[in-house]
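Just so you know, the working numbering puts 212 at position 116 of the sequence shown, and the rest follows in order with no gaps. We treat Cβ as the ideally placed atom computed from N, Cα and C, and that holds for glycine. Note that this is a predicted model, so its numbers are computed, not measured.
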Amino acid sequence: MRSIRPRWRTRLTLIGAMCLGVAGCRAIERPVARTGQFESDLAFLRQHTDVVLLTDPSGAQVAVGPAYQGRVMTSTTGGRNAPSFGWIGRPAIAAGQRQPHMNVFGGEDRFWLGPEGGQYALFFKAGDPFDLDHWQVPEPFDWGSWEVASQSAAAVQFRKRMTLVNYSGTRIEIDVDRTVRLLSGPDVTTLLGQPPGNGVHMVAFESSNTVTNAGSAQWRQESGLVSVWILGMFNPSPETTIALPFVPGPELTLGPIVNDQYFGKVPADRLIVKPTAVFFRGDGQYRSKIGLSPSRALSMAGSYDASGHVLTLVQYTRPADAVAYVNSTWETQREPYKGDVINSYNDGPPGPGKPPLGPFYELETSSPALSLRPAQHYTHVHRTFHLVGPETELDRIARATLKIGLAELTNAFVSSTSGK
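Written out as structure tokens, the structure reads:
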């Protein structure tokens, strides 16, 4: 069995280079941990913002940023040299200035709303082409603090009122109530149906995201519905494989197994479809995205980093009868409510000579398209579990939750990597 080793290294960084051209920004040379160590990430965050730190007697900790729209920035299992699981956008945080298109603060649970593209898009202005130059994350969930409504040792609640205008010109008034809660050991055993096991260190948390129609008119399909969209950004590695289990069955009745057309078809050496799961690289080296439709998606997805022995699981709430999900593809759509339920994104350069946003990889879940009456609300719950420990125990948990063993996760791309 390989030893568990932290995936980080120390380097010297010019803080001035993070200022992205801001006038008067002074270069200061200091050692900064790149990724992987929670104490370093927490210290960095506290240099730039207030942090709500959720704690558990087991040593598990979750760092939440009110100034970054109430997102979970990172988490750890605790202990000496504790790992840090969330990807943090240090340049954007250090700069402290708004950036075009998206403020890439990072975080392993952030609140967005869909759809991204299409005739009811929230990320494009009316008449603009659907390309990266015109893509813009809406300000209410891209910039500025969210109000802390309540706080305890293990939970924090946020509130936000927002007004959005979609691509078709529809004005949408929304109240958001978001609670981030650290999950206990008994919570995890109940939710996963499995105890963590001997030698397994764990941190788990959930975000409960309630949206309310704060306007005077019902949200209707013909003028554009929205959905809750939760995205988790994680540190990539060459040995990270993402797994999306799916409902097997013929395409004639259930449709295609996986949608890999978001940013162009994903190459075969980066996406493999096996009998019960889709495998996708999480190396942060190639910009690509995949998704599963309502007829294929299950309530669990995950990833395994074989270099650090880290099993990450994502679980979410999904109504059994829901079939209408917003379509976020960057085009005028024939079927705007034939979107995906669960997605994974792998970052990389968007074009020759262009830098990546991160790099990072994401696991994302969405609520159904919401046709809410005034004052009606809907809650989408998204849970994240990180487990670190002996492969035998992680294998047992992976088989129980993802229906996939660690060997299959670890070796999914071995043949394509070796060229066999």
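- DSSP places Ser323 in the strand class (E or B) of the three-state scheme.
- It is roughly 15 Å from the alpha-carbon of Leu327 to the alpha-carbon of Pro455.
- DSSP places Gly398 in the uninterrupted beta strand (DSSP E) bounded by Met396 to Asp401.
- Per DSSP, Leu498 is not a residue of any beta strand (DSSP E), being assigned neither H nor E.
- Within the region 284-351, the complete alpha helix (DSSP H) runs of at least 4 residues fall at 347-350.
- By a beta-carbon distance limit of 8 Å, Gln143 does not contact Ser180. Their separation comes to about 15 Å.
- For Ala471, the closest C-alpha among the options Thr306, Val406, Pro371 and Pro446 is that of Thr306.
- Here His144 carries a helix assignment [DSSP, helix/strand/coil].
- In this structure Val252 is in contact with Val276, their Cβ atoms being roughly 5 Å apart against a cut-off of 8 Å.
- In the displayed model, Val354 falls within coil according to three-state DSSP, outside both helix and strand.
- Its Cα nearest to that of Pro352, the residue Val343 stands out among Gly360, Val343 and Gly380.
- CA-CA distance, Thr349 to Val324, rounds to 27 Å.
- For Thr506, the secondary structure class from DSSP, reduced to helix, strand or coil, is helix.
- Secondary structure remark: continuous beta strand (DSSP E) runs of at least 3 residues inside the region 409-446, in chain order: 438-442.
- Contact check between the region 371-378 and the region 472-479: fewer than three CB pairs, one atom from each, fall below 8 Å, which does not count as touching.
- Contact between Glu460 and Tyr474 does not hold, since the beta-carbon distance rounds to 18 Å and is not under 8 Å.
- The DSSP assignment places complete beta strand (DSSP E) segments of no fewer than 3 residues inside the region 164-224 at 167-172 and 206-210, in order along the chain.
- Cβ-Cβ separation between Tyr433 and Ala420: approximately 4 Å, consistent with a contact (criterion under 8 Å).
- Between the region 281-293 and the region 487-496, the count of C-beta pairs closer than 8 Å reaches three or more; the two stretches touch.
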